[in-house]
Each structure stands twice: as structure tokens, then as C-alpha cells.
Amino acid sequence: MYLNHRPSKIMVHCSPCNFTGPYAHWLQGIPFTFVHTVFPNEVFGLPIKEENPHHSTDVVRIRALLRYGGIYLDADVFVVQPLRRFLHYEATVTWPHGYTFGNMIMISHKNSRILRLFMDTYRE
């Protein structure tokens, strides 16, 4: 993403927030903003089930995009074409044929209606 798009800001929502290890030097000079994040164990007063721990990170992603807008990509997504054209739309999400709504790639404006609706599905 960074090499192909050169974004002005990259927000990393993390806990703990540190880059260490043998490849950390590759990240020097990239404009990261670290946002310390508490990963929820409940949403709308409903507990996140132990068999679905990924829902906690899903909620963090959705809340971050609702607050800031921007682009979210899963770690295994390799971007080869520009995504800027999708920023024209209020929201762009993945919805592979035959599957349910996905959050592997989400591009949205702040407070996007579709992401508010997606967040509301956690009330069920």
C-alpha cells in the first residue's frame, strides 16, 4: 500500500504499539500515527463470543473508519492499482459473490451510512 500509494498518513490502531524486530528498519520514514486501542470484549452491551474473537478487531476497524474515514486493508491484501478513485464514493466494501459482506477491504468517508448499518448488525 505505502509503496504504491504514498499516503500522507497511516494510522495503526494497536496494543501494544511498537515496531520491533529485524524488519523494523524498513518502516523508518513512513508517516505512521499510532493509536493505542483497547480491543472490546463486548459491543452494545453484548459480549463478543469466545468462538468469534475476530469480531473484536472487526469492531475496531469499523469504529476507526466511522471516526476518521479512509482505507482499511487486511494484511494479506496487495494493492497494484490506485484506490483513490474509490474515495469519491461514501463507501466501498468487499462483497464476494456467494459470500456475506466482508471487511477485508473497506474504503469510506467519516460516518459512512453503510458502516453505521454494518456496526448495527452487532446488536443482533
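So the working numbering is basically just the index in the sequence shown, starting at one, shifted up by 175.
C-beta atoms are modelled at their ideal positions from N, C-alpha and C, and glycine is treated no differently.
Computed from a predicted structure; not experimentally measured.
For residue 239, the uninterrupted alpha helix (DSSP H) segment begins and ends at 229–243. Per DSSP, the unbroken beta strand (DSSP E) holding residue 282 starts and ends at 277–283. As DSSP reads the structure, residue 222 sits in a beta bridge with 217.
Its chain contains 184, 185, 186 and 187 as the residues whose beta carbon lies nearer than 8 Å to that of residue 208, once the 5 sequence neighbours on both sides are disregarded; these appear in chain order.
The three-state reading of DSSP puts residue 297 in helix, counting H, G and I together. For residue 261, the three-state secondary structure derived from DSSP is helix. Excluding residues up to 5 positions away in sequence, 188, 189, 190 and 235 lie with their Cβ nearer than 7 Å to the Cβ of residue 212 in the same chain.
Boundaries of the alpha helix (DSSP H) harbouring residue 180: 177–180, taken from the DSSP string. Linking residue 255 to residue 244 through their CA atoms gives a straight-line distance of about 21 Å. Judged by DSSP secondary structure, residue 272 falls outside any beta strand (DSSP E); it is assigned neither H nor E.
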